[in-house]
Amino acid sequence: MSRPVSAELSTGSGRAYGGLLVAQALAAAQSTVPNDRPAISLHCRFLRPGDERDPIRYYVTSDMDGTRIAQRRVVAEQGGRRVLTSSMAFMRPETGLVHSPHMPQTEAPEILWERIERRLRSGDEIPLGLSHYVNVTLPVQAVPVDPDSLDRNEPCEDKFMVWVRFPAPLAAGSNMHQIVLAFASDLVPFRPVDRRHGLCPIRGAVMEASLDHALWFHDAVRADDWMLLVGHSDWAGAGRGLGHANVFSRDGRMVATISQEGIFRLPTPTP
Numbered sequence: 000m001s002r003p004v005s006a007e008l009s010t011g012s013g014r015a016y017g018g019l020l021v022a023q024a025l026a027a028a029q030s031t032v033p034n035d036r037p038a039i040s041l042h043c044r045f046l047r048p049g050d051e052r053d054p055i056r057y058y059v060t061s062d063m064d065g066t067r068i069a070q071r072r073v074v075a076e077q078g079g080r081r082v083l084t085s086s087m088a089f090m091r092p093e094t095g096l097v098h099s100p101h102m103p104q105t106e107a108p109e110i111l112w113e114r115i116e117r118r119l120r121s122g123d124e125i126p127l128g129l130s131h132y133v134n135v136t137l138p139v140q141a142v143p144v145d146p147d148s149l150d151r152n153e154p155c156e157d158k159f160m161v162w163v164r165f166p167a168p169l170a171a172g173s174n175m176h177q178i179v180l181a182f183a184s185d186l187v188p189f190r191p192v193d194r195r196h197g198l199c200p201i202r203g204a205v206m207e208a209s210l211d212h213a214l215w216f217h218d219a220v221r222a223d224d225w226m227l228l229v230g231h232s233d234w235a236g237a238g239r240g241l242g243h244a245n246v247f248s249r250d251g252r253m254v255a256t257i258s259q260e261g262i263f264r265l266p267t268p269t270p
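For the sequence shown, numbering that gives the first Met the number 0 begins at 0 and goes up steadily by one.
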């Protein structure tokens with residue numbers, strides 16, 4: 000089946016935001032699956048940039064419908080050309096083994112956001128990386144734990160942590176919680192790659208483009224409450240970089256894992 004969806008969100012770059020494509024593809028697939036089977040994973044490949052000015056059409060194929068698990072394929076097309084392909088799995092929850100890492104301790108997101116708001120209201124110049132991250136026209140609120148790290152030029156191997164939420168109530172049990180998390184999942188994985196090399200893409204220090212994007216849903220999540228995304232990167236090379244993020248709910252449960260690989264190109268030196 001196909002579902003046309005307009006890419007009405009603008010980030011000012013002209014390219015459709017990758018998290019928007021991932022979230023809309025998930026929404027299209029969810030509409031074909033029984034409500035008792037939440038998404039457990041999605042794997043996306045970005046084939047070419049989407050244009051934020053034109054509508055995107057999503058084609059959903061049912062690969063399997065078992066008693067507990069459903070599998071879907073989703074293709075996103077724009078202007079007759081594929082911009083994204085994806086595979087998704089849905090499963091009725093069961094009981095079993097349980098373990099996960101502990102959530103890192105940080106200041107409360109309300110305190111961090113109040114501190115950022117004071118800086119924005121002060122009239123002082125806000126670093127470019129931070130101002131873009133907190134002011135970009137996205138329907139989620141993002142609060143970096145160490146906001147100045149977005150503009151540092153020194154390489155840093157520390158984790159990149161961001162609190163994220165949808166700033167309006169969502170119905171309990173709604174598929175929108177997973178959709179919002181899918182949308183936000185594109186905000187963090189590349190930042191640890193940048194930080195390892197002291198680069199700020201907003202300043203043109205590096206050109207980035209997503210290739211693969213994967214998201215595993217581990218537990219129920221409330222996307223209208225604060226979620227902590229803890230990003231890290233173990234590898235970059237051959238013109239590519241790989242970033243990851245663990246997602247924790249406000250109560251400390253690890254609710255998802257994100258992995259993303261992309262192209263990282265340094266500017267060509269001017270002769």
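The beta carbon of each residue, even a glycine, is placed where N, CA and C say it ideally should be.
- Non-local C-beta neighbours of residue 183 in its own chain, meaning closer than 7 Å and more than five positions away in sequence, comprise 18, 139 and 163, ordered along the chain.
- Residue range 140 to 143 is occupied by the beta strand (DSSP E) that includes residue 141.
- In the three-state reduction of the DSSP assignment, residue 16 falls in the coil class, being assigned neither a helical nor a strand state.
- The distance from the Cβ of residue 73 to that of residue 38 is about 11 Å, inconsistent with a contact at the 8 Å cut-off.
- Residue 232 sits close to residue 192, with the two beta carbons spaced by under 8 Å.
- For residue 263, the pairing in a beta bridge is given by DSSP as 207.
- Contact between the region 244 to 255 and the region 192 to 207 is absent: fewer than 3 CB-CB pairs across the two stretches fall below 8 Å.
- With respect to residue 197, residue 152 sits close: the two C-beta atoms are nearer than 8 Å.
- A Cβ-Cβ distance of about 18 Å is found for the pair residue 256 and residue 225, leaving them out of contact under the 8 Å criterion.
- Residue environment for residue 110: exposed (fewer than 16 other C-beta atoms within 10 angstroms of its C-beta).
- CA-to-CA, the gap between residue 264 and residue 100 works out to about 33 Å.
- In this structure the region 233 to 244 does not lie against the region 166 to 175, because fewer than three pairs of beta carbons, one per stretch, are closer than 8 Å.
- About 26 Å separates the beta carbons of residue 61 and residue 47, which is beyond the 8 Å limit, so they are not a contact pair.
- Counting along the chain, the unbroken alpha helix (DSSP H) around residue 181 starts and ends at 175 to 183.
- With contacts defined by Cβ atoms closer than 8 Å, residue 161 and residue 144 form a contacting pair.
- The beta carbon of residue 133 lies closer than 7 Å to those of 115 and 141 in the same chain, with the five residues before and after it left out.
- Of the residues assessed, residue 59 falls on the buried side of the cut-off, its CB having 16 or more other CB atoms within 10 angstroms.
- Cβ neighbours of residue 258 within its own chain (closer than 6 Å, five residues either side excluded): 213 and 243.
- Between the alpha carbons of residue 174 and residue 96 lies a gap of roughly 25 Å.
- Leaving aside the five residues that flank residue 266 on each side, the residues in its chain whose CB is nearer than 8 Å to its CB run, in chain order, 203, 204, 205 and 206.
- Per the coordinates, the alpha-carbon of residue 230 lies some 6 Å from the alpha-carbon of residue 187.
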